[in-house]
Amino acid sequence: MIRAALIGALVLVVAGVHLAAGSDLALPRMAALFLGAEPQAFADVQFTHAALPRLVMALLCGAALGLAGSLFQQLTQNPLAAPLTLGAASGAWLALVVATLLFPALAAAHGEWVAFAGAATAFGLVVAISGLRGLTGMSAVLAGMAVNLLFGAIAATIVLLQSPYFGHLFIWGAGDLGQSGWDKALWLALRLLPLLALSLLLTRGLALLRTGAEGAEARGLSLLPFLAVAAGLALGLTALAVAAVGLIGFIGLVAPNLARFAGARLPRAELLASMGLGAGLLLATDLLALFANHLTRDLVPSSAVAALVGAPALIWLMRRRLGVGDQAVFRLPPGPARVPRLAWLGLMLTGLAFTLAALTLGRTEDGWQALWPTALTFDLRWPRVLGAAAAGLAMALSGVVLQRLIRNPLASPDILGMTAGATVALVGTAIIGGGSIHEVGAGIAIFGSLLVLLLLLGLGRRHGHAPTVLALTGIALAALLDALVKVALAAGSQDSYAILGWLGGSTYRVTEAEAGQLLLAALLGLGLVLVLRRWLTLLSAGDDMALARGLSLRLARPVCLTLAAALAALVTSWLGPVAFVGLLAPHAAVMLGARRVAAQALMAGGIGTVLMVGSDWLGRMALHPMQLPAGTVASVLGGSYFLYLLVRRRVL
0 MIRAALIGAL VLVVAGVHLA AGSDLALPRM AALFLGAEPQ AFADVQFTHA ALPRLVMALL
60 CGAALGLAGS LFQQLTQNPL AAPLTLGAAS GAWLALVVAT LLFPALAAAH GEWVAFAGAA
120 TAFGLVVAIS GLRGLTGMSA VLAGMAVNLL FGAIAATIVL LQSPYFGHLF IWGAGDLGQS
180 GWDKALWLAL RLLPLLALSL LLTRGLALLR TGAEGAEARG LSLLPFLAVA AGLALGLTAL
240 AVAAVGLIGF IGLVAPNLAR FAGARLPRAE LLASMGLGAG LLLATDLLAL FANHLTRDLV
300 PSSAVAALVG APALIWLMRR RLGVGDQAVF RLPPGPARVP RLAWLGLMLT GLAFTLAALT
360 LGRTEDGWQA LWPTALTFDL RWPRVLGAAA AGLAMALSGV VLQRLIRNPL ASPDILGMTA
420 GATVALVGTA IIGGGSIHEV GAGIAIFGSL LVLLLLLGLG RRHGHAPTVL ALTGIALAAL
480 LDALVKVALA AGSQDSYAIL GWLGGSTYRV TEAEAGQLLL AALLGLGLVL VLRRWLTLLS
540 AGDDMALARG LSLRLARPVC LTLAAALAAL VTSWLGPVAF VGLLAPHAAV MLGARRVAAQ
600 ALMAGGIGTV LMVGSDWLGR MALHPMQLPA GTVASVLGGS YFLYLLVRRR VL
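Residue numbers for the sequence shown follow numbering that gives the first Met the number 0, beginning at 0 and rising by one.
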């Protein structure tokens, strides 16, 4: 009772400050309007039709996200489960983006059902990848972030193709709580309240789940129907919040953990406390967004502030909850014992075919033409081909190192935040300085990557460089990057479209010198991976095995992590973020039989090269005369195929 009263009092205090920050009216006038007085001046209308609906929307969405996170965490017994980390929020967002393009009437009239279908699809992919038992550990979190990357790449592609006609999606997708009336708040309340009530009826089943699946069934719980209903409610709550205000992360992750930290032990108490804390947290972050809006000229979405608070909270929760022994041994995906010669030959021929196609085969106003390029055309094309090939090789090598180091086949530079430092530095410098992101320079990108690397090494040292510590720190940084990018997109200027295009990983502006330098760096990285192959083998076998063979973990882990970060940073500085190449290539190499480090590095490097060269060519030709960034094409194609393989084989 005391705990509930304290949470309620805190929410009331934050609500009062929120109203004061959102309106210029005096407190007596606010009270009069709240009690039913007729608005007279513009400030009165602004209070009744903007400030109050915004406050109610923050309370409703925060309660929905907090309750959804609590349901997910109690179902999975995983303190890191949430709409964000399980991919449900990004699935709902992508579904609404697609529906807005293809079926605008359906998206406008039944957006909540569209969002629910997307959230359910994303969550189903995560379950198919990790398995039901995998939902309790890191497998589900990394699978959820992989789904986030894929769905984010598809949504970015749609926005690129439709810009500037989809400009309104920038602000909505960034998760802003601004309101211009009571329609949306009433719409959300009428749909949300029944789900809140139904969720509270699940407390007995949630209590039985704490005894384990077998214990719950022995006590009369129909396990699968109960799990389906509870997960459906959590997905429905997520879908309603996304349909109402867009993507807002971390509330569903932090609120349930804070509820348990505050002493909520029983399922019902945790659900109620998570609702209250979720409402209060979102209201507090929106209050910070209001203060930021007063200080800046541009809109600062609430989701960005939530990420600024939530990313450190994720790191804190991870350091408290997770142990060093998680993911102790690297489990290779299924595949043959060695790479057949036919596979090597096929990879070489495919690479040659894509290279020739990129140089000679193209579309014009008269259709497809296969001609040897003129001197001018060749000078324009070959740096792009060479830059794409070098980027694919470097990102694949970075993925090999990270998957061995983190001991998880879903680890990659993009999921673990290796590209986050360079990207944040470049985007932040371009926004603050007012210049083009293409003119910032590689030095800023490398500086940003080094800062992230130092953070990863510092946090990892305290926990013995535990794989989960490194993985979740990178995930938190990647989520923070996404929030900062949404701030840039919410401005709605032409610079926003330039930044969005750069974030796709484009070879359009790669010069001859940059392509050559990137190739030399990638080849040097390949040589270092081959030299360090014994270290990587021992690291993937587990700490005990590595120590028994005389390997210094304090030296080997930082060196390997530095190599992976450097390769990813160089690619990001010249091309922009390139997702999924570092995830797909090492995994595909093992499936073809490259089970040793040296063979995996060579095969993964070849696959990454072919994927990037082919993606660059397809991006130039598929929608001629429009062009798509190579990284975006690689993310959509490679990510879709990768998730298909994971669902089919369930490697985790």
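Glycine residues also receive a C-beta, built at the ideal position from the N, C-alpha and C atoms.
Considering THR363, what are the terminal residues of the beta strand (DSSP E) in which it resides?
One-based indexing of the sequence shown puts residue 363 at position 364. Looking at the DSSP string, the run of the beta strand (DSSP E) that includes THR363 is 360 to 363.
Between TRP181 and PRO52, what straight-line distance do the alpha-carbon atoms span, to the nearest angstrom?
As a working mapping, residue 181 is identified with position 182 in the sequence shown. As a working mapping, residue 52 is identified with position 53 in the sequence shown. Cα to Cα, the separation comes out at about 6 angstroms.
When we look at the beta-carbon of GLY637 and count the other beta-carbons within 10 Å, is it buried (16 or more) or exposed?
Along the sequence shown, one-based indexing puts residue 637 at 638. It is buried - the Cβ of GLY637 has at least 16 other Cβ atoms within 10 Å.
At what residue ranges does the region 242 to 310 contain a whole run of the alpha helix (DSSP H), taking only runs of 4 or more?
Runs of alpha helix (DSSP H) with 4 or more residues, each lying fully within the region 242 to 310, are found at 250 to 260 and 266 to 294, listed in chain order.
So what does DSSP say about VAL366, is it helix, strand or coil?
Here residue 366 refers to the residue found at position 367 of the sequence shown. Just to set this straight, residue 366 is Gly in the shown sequence, not Val. It is a strand residue.
Candidates LEU360, GLY110, ALA514 and LEU85: which alpha carbon is nearest ALA94's?
The residue labelled residue 94 in the question sits at position 95 within the sequence shown. The candidate whose alpha carbon is nearest that of ALA94 is GLY110.
Secondary structure at PHE33, three-state DSSP: helix, strand or coil?
Along the sequence shown, read from residue 1 onward, the residue named residue 33 stands at position 34. Helix at PHE33.
Closer than 6 angstroms: is that where the CB of GLY504 sits relative to any heavy atom of the ligand GDP?
The model on display carries no ligand, and the ligand GDP is accordingly not part of it.
Counting only runs that start and end within the region 540 to 584, where is the beta strand (DSSP E) found for 3 or more residues in a row?
none
List the endpoints of the continuous alpha helix (DSSP H) containing THR510.
On the sequence shown, residue 510 is found 511 positions in, with the first residue counted as 1. Unbroken run through THR510: none, as it is neither H nor E.
For ARG403 and PHE122, the rounded distance between their alpha carbons
Translated into the one-based positions of the sequence shown, residue 122 becomes position 123. Translated into the one-based positions of the sequence shown, residue 403 becomes position 404. Answer to the nearest angstrom: the Cα atoms are 27 angstroms apart.
From the DSSP output, in three-state form, read off ALA327 for me.
Stepping through the sequence shown from its first residue, residue 327 is reached at position 328. Reliability fails at ALA327, whose pLDDT of 49 lies under 50, so the model's placement of it is uncertain and no value is given.
Suppose only complete runs of 4+ residues qualify. What are the alpha helix (DSSP H) ranges in the region 77 to 165, listed by chain order?
87 to 101, 103 to 108, 110 to 133 and 137 to 161
Tell me where the alpha helix (DSSP H) around LEU42 begins and ends.
Along the sequence shown, one-based indexing puts residue 42 at 43. Correcting the residue identity first, residue 42 is Ala in this sequence and not Leu. 41 to 45 is the extent of the alpha helix (DSSP H) around ALA42.
Below 8 angstroms on the Cβ atoms is my contact criterion, and I expect MET611 with ALA588 to pass it. Report the Cβ-Cβ distance as a whole number of Å.
As a first step, residue 611 must be located in the sequence shown, where it is residue number 612. As a first step, residue 588 must be located in the sequence shown, where it is residue number 589. The Cβ separation is near 15 angstroms, so there is no contact.
For LEU207, which residues from the same chain have a beta carbon less than 6 angstroms from its beta carbon, with the 5 sequence-adjacent residues on both sides left out?
Within the sequence shown, numbered from 1, the residue matching residue 207 stands at position 208. Taken in chain order, the residues that qualify are ALA215, ARG218 and LEU220.
If VAL509 and LEU569 are in contact, beta carbons under 8 angstroms, what's the gap, nearest whole angstrom?
Position 510 of the sequence shown, counted from the first residue, corresponds to residue 509. Position 570 of the sequence shown, counted from the first residue, corresponds to residue 569. 12 angstroms between Cβ atoms; not a contact.
Are the CB atoms of ALA387 and ALA629 within a distance shorter than 7 angstroms?
On the sequence shown, residue 629 is found 630 positions in, with the first residue counted as 1. On the sequence shown, residue 387 is found 388 positions in, with the first residue counted as 1. In contact: ALA629 and ALA387 (Cβ atoms closer than 7 angstroms).
Pull up the distance between the alpha-carbon of SER179 and that of ALA49, whole angstroms please.
Within the sequence shown, residue 179 is the residue found at index 180, counting from 1. Within the sequence shown, residue 49 is the residue found at index 50, counting from 1. Between SER179 and ALA49, the C-alpha separation is close to 5 angstroms.
Does HIS623 come out as helix, strand or coil in the three-state DSSP assignment?
Locating residue 623 in the sequence shown gives position 624, counting from the first residue. HIS623 sits in coil when the DSSP states are folded into three classes, being neither helix nor strand.
With a CB to CB cut of under 7 angstroms and the five nearest residues on each side skipped, what residues in its chain are close to PHE446?
By one-based count along the sequence shown, residue 446 stands at place 447. Same-chain partners within the cutoff: ALA424.
What distance in whole Å lies between the Cβ atoms of ALA395 and VAL580, which are believed to be in contact at a cut-off of 8 angstroms?
Within the sequence shown, the letter at position 581 stands for residue 580. Within the sequence shown, the letter at position 396 stands for residue 395. Their Cβ separation, rounded to whole angstroms, is 6 angstroms, which keeps VAL580 and ALA395 in contact under 8 angstroms.
Quick check on DSSP: helix, strand or coil for GLN178?
Mapped onto the sequence shown, residue 178 falls at position 179. In the structure shown, GLN178 sits in coil (DSSP, three-state: anything other than H, G, I, E or B).
Please return the same chain residues whose Cβ sits closer than 7 angstroms to the Cβ of THR608, not counting the five positions on each side in sequence.
Here the question's residue 608 lines up with position 609 in the sequence shown. Excluding positions up to five away in sequence, the list reads GLY350, ALA388, GLY391 and LEU392.
Since I believe CYS60 is in contact with VAL244 (beta carbons under 8 angstroms), could you give me their beta-carbon distance rounded to a whole number of angstroms?
As a first step, residue 244 is located in the sequence shown; it is residue number 245 there, counting from the start. As a first step, residue 60 is located in the sequence shown; it is residue number 61 there, counting from the start. That belief holds up - the Cβ atoms of VAL244 and CYS60 are roughly 6 angstroms apart, short of 8 angstroms.
Report buried or exposed for GLY324, applying the criterion of at least 16 other Cβ atoms within 10 angstroms of its Cβ.
In the sequence shown, residue 324 corresponds to position 325, counting from 1. In this prediction, GLY324 has a pLDDT of 46, which is less than 50 and means its spatial position is unreliable; what the coordinates show is noted afterwards. So GLY324 counts as exposed.
Output the distance between the C-alpha atoms of ALA268 and LEU74, rounded to the nearest integer angstrom.
One-based indexing of the sequence shown puts residue 268 at position 269. One-based indexing of the sequence shown puts residue 74 at position 75. For ALA268 and LEU74, the distance between alpha carbons rounds to 15 angstroms.
Run of the alpha helix (DSSP H) containing ILE405, from where it starts to where it stops
Locating residue 405 in the sequence shown gives position 406, where the first residue counts as 1. Note, ILE405: alpha helix (DSSP H), 374 to 405.
Buried versus exposed, by CB contacts within 10 Å (16 or more), ALA242:
Here residue 242 is taken as the residue at index 243 of the sequence shown, counted from 1. Buried, because 16 or more other Cβ atoms sit within 10 Å of the Cβ of ALA242.
Can you give me the start and stop residues for the alpha helix (DSSP H) that LEU64 sits inside?
As a working note, residue 64 is residue 65 in the sequence shown. From DSSP, the alpha helix (DSSP H) with LEU64 extends over 51 to 75.
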